[in-house]
Amino acid sequence: MQNSVKSQLLDMFSYAILVSPSCFVRAAILEAVNVPLDECIRFSDGSETFPATFLVGHSLHSLVSLFLRSRFSSQSNTWPITVHTAGVAYYNKVVPLFFRECFRNTKGIVDLAHSRQRLKHCVLALANSDKQMDGFVSECAAKISSLMLTLVCFWFSFTTIYQYHLEALLCDDLMLDVKNRFVLGKELGNYESQAVVSRIGDYIARRLNITVDSGEFVRMAYMETDVDRIIVRLIDRLIEGKDIPKKVHGHRTFLQILLLRFSTIFLTRFYFHNFSSSNIFGKCPLLFGR
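The numbering used here runs 17 ahead of the 1-based position in the sequence shown.
This is the structure in C-alpha cells:
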C-alpha cells in the first residue's frame, strides 16, 4: 500500500531530479528553517566535541542542506530547478495533550499519525522569480488535490488563490463535501496535514546563502506528502463504515486485516475510551456495530 502511493507520487513529479539527501543535518540548518530543535532526534557519537547533529530523514531540512552556500547559473539551468525524494522522515516523539490526559497510566499507545518514523515524498523547487515560484505552487496544489481526492476524503484549507483547484477536481463518485476557511498554523490538526504545499520565498535562501549568478537569492517552494497519514485516513474511513475509494480497492484486504489488528489492540488494551478524531481510532464506537 505504501509503495503504491509512493510510486504515484514519484510518477507525478517524474520530470524532477530524484535525489538522496543525507538523513542527518546540523543544528544550523534546522535553525535556518525555523524548526525547534526539540522536535528532532539528537544524534551523537558520544564525544564532547561532536557538533550538534540531528536525524531528520527525508524532509525540507535535508533537501535544503544540499544547496548550502550554492550559486546557480541563470543561463545554463532549466528553471525552476526541481528535486524530489521519497523515504522515511524521523521525529522526536511528542504525545498529544489529549492522550496525556486520558492515558496517564497506559503504556504502548498506538498512534500512527504521530509516529516517530513516517514515509514521506518531498519536492523542492528553486526559482529565480516570484512568478516561477507561484506557478510551481499552483501546479502542486492542483496535482496533490487530484491525487488525494481519488484516495481519501480530505478537508482542505487553501488560501483563496488555490480554492478553485480543489472544487474543480472534486470527484463526484466520492461525494465529498469541501469547506474552505483561513486557518492559523497552530489550528491545523493531523487530519489536515496529509499533504502540505508551501510558498517559502527567499527566506531560507537568505539564511543559507543560496543565490543565482546575478547575486539575487533564489525563491523556494516546497511540497510534502505524508504517505503513512494517508493510510491512517483510509483506516479512518473503514472505522466510519465507509467504502474504500476505487483507486485503492486492490488493497482493501490489507486495510481490513490492519484494522482488525488495531481493533483487537483497542479492545484488549483501551476498553471503551473514545479517542479523538485525530487518531486512527477517531470513530471507535463504530467498531461495536453501531
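Just so you know, even glycine gets a beta-carbon here, dropped at the ideal spot from N, CA and C. Source: prediction; values computed, not measured.
Inset, instruction - Kindly indicate which three-state DSSP category Ala-33 falls into: helix, strand or coil? - result: DSSP places Ala-33 in the coil class of the three-state scheme, outside both helix and strand.
Inset, instruction - Can you tell me which of the three DSSP states Leu-193 falls into? - result: Its pLDDT being 46, under 50, Leu-193 is placed unreliably in this model, and the value from its coordinates should be taken loosely. If DSSP states are grouped into helix, strand and coil, Leu-193 belongs with coil.
Inset, instruction - Please name the residue in Gly-152, Ser-87 and Ile-161 whose C-alpha comes closest to that of His-138. - result: The alpha carbon of His-138 has as its nearest neighbour, out of Gly-152, Ser-87 and Ile-161, the alpha carbon of Ile-161.
Legend entry - Backbone secondary structure at Ile-227 - three-state DSSP: Note: Ile-227 maps to coil in three-state DSSP.
Legend entry - Beta-bridge partners of His-101, as assigned by DSSP: Leu-35 and Val-140
Inset, instruction - Return the CA-CA distance between Arg-86 and Arg-224, expressed in angstroms with no decimal places. - result: Computed Cα separation, rounded: 9 Å.
Inset, instruction - Would you check if the distance between the CB atom of Ala-44 and the CB atom of Ala-69 is smaller than 7 Å? - result: yes
Inset, instruction - Provide the residue span of the beta strand (DSSP E) that contains Ala-238, from first to last. - result: 236 to 243
Inset, instruction - Measure the C-alpha to C-alpha separation of Lys-148 and Gly-74 and round it to an integer number of angstroms. - result: 30 Å
Legend entry - Straight-line Cα distance separating Glu-156 from Ser-76: 20 Å
Inset, instruction - Would you check if there are 3 or more beta carbon pairs closer than 8 Å linking the region 91 to 99 to the region 49 to 60? - result: no
Inset, instruction - Please classify Val-154: does DSSP put it in a helix, a strand, or coil? - result: In the three-state reduction of the DSSP assignment, Val-154 falls in the helix class.
Legend entry - Other residues of its chain near Leu-141: CB distance less than 6 Å, five sequence neighbours each side excluded: Leu-80, Val-100 and Tyr-239
Inset, instruction - May I ask you to report which of helix, strand or coil DSSP gives Leu-85? - result: For Leu-85, the secondary structure class from DSSP, reduced to helix, strand or coil, is coil.
Inset, instruction - In angstroms with no decimal places, state the Cα-to-Cα distance between Arg-236 and Gly-218. - result: The alpha-carbon separation between Arg-236 and Gly-218 amounts to approximately 5 Å.
Inset, instruction - Starting from Ala-69, trace the beta strand (DSSP E) both ways and give me its first and last residue. - result: Counting along the chain, Ala-69 sits inside no beta strand (DSSP E), nor does DSSP assign it H or E at all.
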